[in-house]
Each structure stands twice: as structure tokens, then as C-alpha cells.
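**Q**
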Amino acid sequence: MSKRNKSLTVGLVSALFIYCLLGFLLLPGIALDLINKELDQRVNVPARLDSLQFNPFSLELTLGNLEIGEAEDPLLGFQRLHANLQVSSLWRGALQLDSLVIERAQVAAVLRESGTLNLTQLMNAPHSEPKDSGEALFPVRIERLELVNSQLDFQDREPSTPVQTSFDKINLEVQQFSTVDAERAEMSLQASGPSGSQLQLEGSLAVAPLNSAGMLSVDDLPLAPFWPYVRDLLDLRLERGEFSGHFDYRLDLEDGTELVLDEASATLSSFAVTSAGDEPLARLAQLQFNDTSLDLAQRSVRVGNVRSRGLEAWFSRDANGQLNWQAVLPAQDDTAQAANTPTDPNAAWRIRLPDVQLRDYQLHLTDKQPQTPVNLQLSSLDVDMTGFDSGDNSAFDLQIDTRVAEEGRLSAQGQARLDPPSMEMQVSAENIDLELAQAYIDPLVRMEIREGTLDTTADVQIDSIEPFSLRVNGNAGIFALHVVDTVESRDLLKWERLQLNGIAYSNEGISVERAQLLKPYARLIINQDLSTNVGNLIIGQPADDREDNKKTLGVRIGAVDIQQGSINFADFSLQPNVALTVEELTGQIGTLDNQSATPAELSLAGQVDRYAPVRIEGSLTPFDPLNSLDVEASFKDIELTTLSPYARKFAGYRIRKGRLDLKLHYQIDDGVLEADNQVLLRDLQLGEQVESPSAVDVPVRLAVALLKDGQGNINITLPVQGDLSNPDFDIMPVIWQSFGNLLSRAATAPFRFIANLIGDEEDDLSQVIFTAGEADLDSQARQRLDNLARALKDRPALRLEVEGMSSPAADGPLVAQQRLERELSRRWQKVLEQGQTPASDAEPGIPAEKETELLEDIYRDRLKEPVPEQWAELEVQARTERIRQAVLETWANNDALLRRLAQERNASIKGYLVDSAGLAPSRVQLLDVGIEAVAENSVVPTTLHLGTDQSFDNAP
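For the sequence shown, the working numbering assigns the number 2 to the initial residue and increments by one for each residue that follows.
(1) Return yes when the Cβ of residue 493 is within less than 8 Å of the Cβ of residue 484, no when it is not.
(2) Using C-beta distances below 6 Å, list every residue in its chain close to residue 138, excluding the 5 sequence neighbours before and after it, in chain order.
(3) Using a threshold of 8 Å, state whether the C-beta atoms of residue 816 and residue 928 are closer than that.
(4) Among the candidates 271, 789, 325, 295, whose CA atom is the shortest distance from the CA of residue 312?
(5) Assuming residue 153 and residue 168 are in contact, meaning their beta carbons sit under 8 Å apart, how far apart are those beta carbons, in whole angstroms?
(6) Just to confirm before moving on: does the CB-CB distance between residue 467 and residue 434 stay below 8 Å?
(7) By the 10 Å Cβ neighbour count, where 16 or more other Cβ atoms means buried, how is residue 277 classified, buried or exposed?
(8) Name the DSSP bridge partner or partners of residue 502?
(9) Measure the Cβ-Cβ separation of residue 900 and residue 941 and say whether it is below 8 Å.
(10) What's the gap between the Cα of residue 52 and the Cα of residue 248?
(11) Determine the closest residue to residue 658 out of 667, 672, 638, 686, with distance taken between C-alpha atoms.
(12) If you draw a straight line from the C-alpha of residue 932 to the C-alpha of residue 907, how long is it?
(13) Under the assumption that residue 307 contacts residue 358 (Cβ atoms under 8 Å), give the Cβ distance between them as a whole number of angstroms.
(14) Taking Cβ to Cβ, would you say residue 689 is nearer than 8 Å to residue 655?
(15) Are the CB atoms of residue 282 and residue 269 nearer to each other than 8 Å?
(16) How is the alpha helix (DSSP H) around residue 41 delimited, first residue to last?
(17) If the criterion is Cβ atoms closer than 8 Å, does the pair residue 304 and residue 350 meet it?
(18) With burial defined as no fewer than 16 other Cβ atoms inside 10 Å of the residue's Cβ, what is the status of residue 469: buried or exposed?
(19) Taking residue 541 as the reference, which of 442, 178, 393, 296 has the closest Cα?
(20) Could one say the Cβ of residue 177 lies closer than 8 Å to chain C's Cβ atoms, at least one of them?
(21) What residues are listed by DSSP as bridge partners for residue 495?
(22) Return the residue from the list 939, 588, 144 that minimises the CA-CA distance to residue 184.
(23) How many angstroms separate the CA atom of residue 158 from the CA atom of residue 116?
(24) Which residue from 623, 171, 609 puts its Cα closest to that of residue 591?
(25) Would you decide whether residue 740 is buried or exposed? Buried here means 16 or more other CB atoms lie within 10 Å of its CB.
(26) Identify which residue in 463, 462, 437 has its Cα closest to the Cα of residue 452.
(27) Any idea what DSSP makes of residue 211, helix, strand or coil?
(28) For residue 423, which of helix, strand or coil comes out of DSSP?
(29) Quick one: is residue 243 buried, meaning 16 or more other Cβ sit within 10 Å of its Cβ, or exposed?
(30) Can you give the Cα-Cα distance for residue 98 and residue 160, rounded to whole angstroms?
(31) Grab the span of the beta strand (DSSP E) containing residue 640 for me, first residue to last.
(32) Given a threshold of 16 other Cβ atoms within 10 Å of its Cβ, counted over all protein chains shown, does residue 608 qualify as buried or as exposed?
(33) What are the boundary residues of the alpha helix (DSSP H) that includes residue 442?
(34) Hey, how far is the Cα of residue 669 from the Cα of residue 682?
(35) Which runs of the beta strand (DSSP E) spanning at least 3 residues fall entirely within the segment 42 to 83, listed in chain order?
(36) DSSP has residue 787 in a bridge; who is on the other side?
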């Protein structure tokens, strides 16, 4: 080797040695020392880099264990940083790395109360002129950037309760990272959040300008660590809740903040919040947003479909009228709110919800404003909404269905609009419990709704909110209403059904095309102090000066149909009390209109105390009856015993018996009454005389005798006049002072008196006893009738009334058996006469097999159906007995057979009295029979009644 070559070799080896010495030993040591000194000068907290290694051949740099902050609580650091520099960086004018790997990095970020971030104040940076925002970044390219198994601890002290959370196992990988314009990098991020939640990001990133696009997903992220942000806005206490979401995003920060989310979905599950006082407010099983897009720049959100289930929420109103959710919301300053109201219409967000489904919701509603709190539960609440768009004035569809309380159902469907606010809905309610209204009527009236349900179908239209405009058209029915007077604890009002057809409501008033009442009942009472039960129920209300300025709401009912109504009337101002009942009240009342003075036509018919028919015809002004009234009423066969208390007071006698026919014509014109009363008393008998200071001073018995015509009737016309506005005018004293001598006939003497006449005081002659199932008189019955006939012969003014009776319990089975035996015998005889049975078989009685066939024929004829096929599987005797019992049951409760038996008993009694006891047929009168007798010891009583001949009732 030449000397020159040796020198060159030595030079190269020396240079290499020096390069290695500098690269491996001197430069890393010097750089580490400089870095630590720089950290001491530049960093406000303890900071140290433990090691630095450099490979001058591969240009690999390794930094070990950087810690910034206190040793026990570092703010920033990593366990290892490895960088691989490309040699091309020396001539390309850019920093190019093959790879940059940071292992176990730790960041503790704290956002202070002042809004500053602790990490921004770690360095004492030298003062420098601000850089132009448009100045290009130093070009840096990193083929592969990795953050491995790192951790982020974040604390935000701005909320009243600091937010503190951590993300660990952070693994970030970025391919082709670059700060050069328009160059993009691909990145992937995975991290574990609180309570095992997972965060994942896949996408691209450009630094100049800063923008990113990709997919972000969050799974099972608990809300608790971040809830203080909500707590400062809404006074809600979080019990639990988790969030999961998946988003395709695009973020561009070149010109402002542009964020777009596509194909986004989010789920809120196991969510529950309470008030500050730990009262439950809401619990949610799941809320899902799918097919969602968001454009931050356009302020637009579209949620393709919303699916939610299992919400349970509590709403209450306290005694002051404040809702529990109002206490949750922050207090609003009206001035500040008005000042912050955006004037730019583009500032409003546009929200689109094409498809919303809420299922199995449950709302607990409590109203504590009434004296008795009202609790209402809406369960199985389902809501569907389609086509909602806050930026479009087109209508969206809305459908609601829920169960109200335990048995009720409420549903609504239709369309609504935001601008202007309006709604058109078809609403239907079924079996809504009217007892829910009890707490709201308690301050107004002393009555209790014991029972009642509401059904309705209606079209509801809201045209505007300011001013509020509501229109309702539909039908409604109130069923099984039962209202009790809480003062007397007695029934006040009832009906089986109230049907309202053609309901039309608006701000001007309400109208009903037709109202139909089925089996209504009302109780009207005059108390001892002459007050009424209805008047005593009204609770006085404080005067309201605003009432004078209020417009009376128009009420119009086209017609009222009443079927099978009843009224219970009692007058306790008399002793003894008066009580009568109007039943089977049926008819129609014409148009009722509080805005019109036109009288309403009236046509009603019914019965007083079940048997006396009454009819009312005419017209009246229902909302002011003293203004105009023209009514004719007719009553027939009213039992005068009902009016006996009036007779005691005004005539001095009680009424024992009698019937009353009335024809009344009442006319009222401007408060003045003109009345004609046509009275017909039939079969009048007076009872004993009583003391009464108000009684007329006339011989009442003589007057009754004089007033009776040839048929024993009293017929009189009585005009009545008076001013109804005069508080001293009372129509009943006027009438009864004129009718004091028109009373019922005296009752017949009791049967005990008859028995005394013949010396048989212990024998009860008022009944004839029959053996169950029989109509023949036994010896004891004949002896009793002989004694009775002997007594009646001495009293020619008396006549006997026989009311034959039978008992379903005692007579029914025997009558049925007798009827079956007769039918079997008749059919068997017919078989024999037609020769369907050989003569050799025609023996006394019905053979068993033939009896079964006959029973089958009777079964088919009576029950109009074949014998059940399953009976064919029974044994012959059991099957025959089953058929026999079925046939007997059809006759056991047969009213016709029972009435026939009672009629036969009637006939047996009259026949014996006339044919054997010698009474004249006219002295024995048969009444309509009954089948309600109560039997004892297998005997059935038939009741006897005594009457008098009218020709013997004329003595005073």
C-alpha cells in the first residue's frame, strides 16, 4: 500500500472514529445536558430527560423517560421516544422521519377556573413577534407516527363541580404525516375511557390547512364524569347513563369551524336523573338516533330515525302552580333574554326528524294545587312523528296512543305545523275515569263522583296560539255516571248513558246537535228550612270584578232526548215527610240556547210511583223559566197516599186510599203565573183526623161525600194566580187549602178486627196457605175461608180482594215436574194412537227406552237445539236424567206456569167462597196474581185484601 493510500486510510478511519465518538458518545451527552438545562430555564415546573441515544449511521434518536412536573404528579412526559431521521432531510429542506414512536406518554391537562390550560403555561417562552397566520409551516414529513399505550388525564375546574376523567391505553398511528400543504395522512386511534368505555377513530388528517375526515365511534361511555357541565345548566342529579355513538365526520378549520357528520348513530341507555332533592324526574331505557347528519356551518341537523323505549317521567305541579321541571331550568332574566334574541333568521338551527318512534313511555302526573292531590298515570304511551322539519312550514304527522289510569285509552293522530303554530288532530278517548275530576270540583260544589267514564271522538283544530284559537267537532258519551251528595251522603245524580252528538266548540261558544239521556236519575229535596239539596251543594266563591267584563259563553243544545228517566222528590218541611218518584220519564226537550229568548218545546211522558202515567207538553225558556212558560201536564192514577202529608197539613186528615187524575195548564209571562188545575179523585177514602193549624175549617168527610158523583168520583177545576217574584207567594198552600177535603178513601178494617167478630183472634185470616205445587184447598184453608165468609156476611160494605201468589223457589220445581209428566203422557198417548208401538208393548206406563226418545223430542222442542253430542258418551240412565233436568230447568222458572198456578189458587179461593161459603160473586174480586211469594216449610201463602163499597163511604 502506498504511503498516500495509507494516509488516506488512516484519515478515513480517524474520521470514522471521531464521527462515532461524536455521534454515539459526545453529541448525545452534550445534547442531553443542553436539553435538561433548557428545560430548567424554560419550564416552570421540575422537568428532566433521563437519557438520549443517537445512532449516527442509521440516524435513529431515542429519548428515555421525560417527566415534566412533580415526580409524584407529572404533568407531561413519556417513557420512550424513538425517531428515525431520513438522510434526505439534509438536502430537501424539510424534516423527514421514517418513523416517530412515543411510548407510554402521559398528559395531565387541567383547565383552570380562569379558563386557561395548565399546559400552555409550562414554558417561559421568549418574547417574539406574532407570526402571520398565512405563513407556511416548516415542512415536516413522518412516514409513520405512533403513540403507544399512552394516557390522558383531564380536569376542568370551570364547572361548579370539577370534571375529571381519564383515557388510557391510547394507541395512535398516523401514516404519511405531513405539514406540507394539501398532503394528507391516514390515522387510527384507539383508547379506553372511564368504566371500560372504548374510543376509536379511523380517518385522514391534513395539517395545512387543518382538516380531517373519517369515522369516530364511542362505546359505553358513562355520562357521570361529564355531568357537571349539564348540572351547571340544569339542576339535575344524574343517577346513571351511558352513551354510545358512531359518526362519519368531516372537520375543516381553514375558514372558521366547519364540521359535518354523516351516517351518524347514537344511543343513550340506562339513563336516570333526579331533582336536587333526590325526587325522580326521568328514567330512560334507551334512546337511539340513526341515519343522522349534522352540518355545523349550515346549522342543520337531520336524524333519519329516532327510536326510544322505556321512558318513565314524573311531572308535578305544586300548590303555587309551579312545575317540578321549572325548578330544574335556570332562572331567566327577561331583559337579558330579549337582548340575546337572535335577529338573524339564519341563526336558528334547522332540525329534521323524518321518522320518530317512542314506545312504552310512562308519565306520572301529579297536581298538588287542588286540596286533594290528583295523581294520573299515562302508561303504554306510544308516539309516532314523521316529516318534522323546523325549517319548513309544511305540516308533519303526529300520532299518540296511551293508556290513561287503569282502564282508559287516549289516542290522537293528525298533523301539526310550527309556523304559524297550528294543529289538526283526530282525538279519541275511551273509558276515561271521571273521578279524576273530583279534586277540581271540590272547591265549587259539595258532591262526589263515585263512578263515570267518558268516551269521545273529536276533530281538534288549533289555528293560532296568540290569540289562542281552538275548534273542536265531535261526539262524546258519559257512561254509568254516579254522583253523590256529600252533605247528605245520598245519591244526587245518575244516568246510564249521556250521548252528545254533533259537538262544536269554538271561542264563541259550544253547541250540541243532540243530547240523548238514557235512564237519568235526579234527587230533589226540600229541607225543613225550605232550602233545597241542590242549593246547599253550591260553595260560594269570592266575587271577581273581571266577571263583568267577560263575555258569556254561548251554549246551544239542538235537542235533548230522555229515555227511562226518574226523579226522586221529597219534602221534609212537612210532617210526616212527602216522598214521590217519577219513573220511566221519556220524551224530548227542544232547542236550548242561552243566547236566544225563543222558548224550547217540551214533550215528556212517565209514571209517578211506578204506575201512575204522567205527560208534560208545552214550551219554556230553560235559562230563564220565569220569563216565559206554557206547559200542560196530565197525571193519571196517582196514588193519593203519596200526598197524605199535604192532606194532613191542609185538610186535617190523612189519606188512606185513592187515586188522582190531574190536568194542569201553567202559563208564566214575565213572572206572573196563570194556572188551571183540573182534579179528578177516584176511590177516595179518608183516614183518621189529625191536628193541624193549617187545616181548612170545614167538615171534611161531609165535603168528600158531597163532592162525589154517581160513580163516587170528585171532579173539580181550580184556577191559581200569583206573582212568582213575590217571596211570600207559595203555590202548594194555595192548592192544598182548596184540596184539603179531597183525600184518599179510608182503609179497610184489619183482618184481626174481622177475626175478633167471630171470636177467632189467633187465626190469621189475611192469608190462605197452599201446599207447594198445589192449587187445591186443604181442610185448614177451607176452615179459614169459612170463618172469613161468615164474618163478611155480617159486613155487606166490605168486599174481599184475592191476590193469588206462587213462589218460584217452592212451586217452580214441582210445577215443572207436573208439566213434564203431562207432556210425556200426552206424547206417549199420541204414539199409541198412531200405532207406532206394537199392541204387545202397549203396557201401562212409558217404557224406559221410549221415555228417553220422548225426552229427546221435548228437549229439541223446548230448547230449539239438538241434544249435546257429548251426552251420547254417558250411560243411558245418566243421559236420560241429564236431558230430564235440562227440560225441567226450562219450566222451573217459567212465569206463565207460575202465573197459571197462582190463577188456579185465585180460582180455588173464589170458587169455594162463592159455591161453598155462599158469598156473592161481586163480593170477591180477583187481583192480578204475583209470583214473588216467599215460601216457608213447603207452603205458599196467598194474600187477601179487604175493600169497601163506595156506597157505604158517605157518612161523615
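For glycine and all other residues, C-beta sits at the position ideal for the given N, C-alpha and C.
**A** Judging by the given coordinates:
(1) yes
(2) 180, 209
(3) no
(4) 271
(5) 5 Å
(6) no
(7) exposed
(8) 515
(9) no
(10) 41 Å
(11) 686
(12) 13 Å
(13) 7 Å
(14) yes
(15) no
(16) 28 to 43
(17) no
(18) exposed
(19) 442
(20) Judged by its chain identifiers, the structure shown contains no chain C, having just a single protein chain.
(21) 483, 522
(22) 144
(23) 9 Å
(24) 623
(25) Because the pLDDT of residue 740 is 46, which lies under 50, any placement of that residue in the model is unreliable, and the question is left without a value.
(26) 437
(27) coil
(28) strand
(29) buried
(30) 42 Å
(31) 629 to 640
(32) buried
(33) 439 to 442
(34) 27 Å
(35) 48 to 56, 61 to 71
(36) None, per the DSSP bridge assignment.
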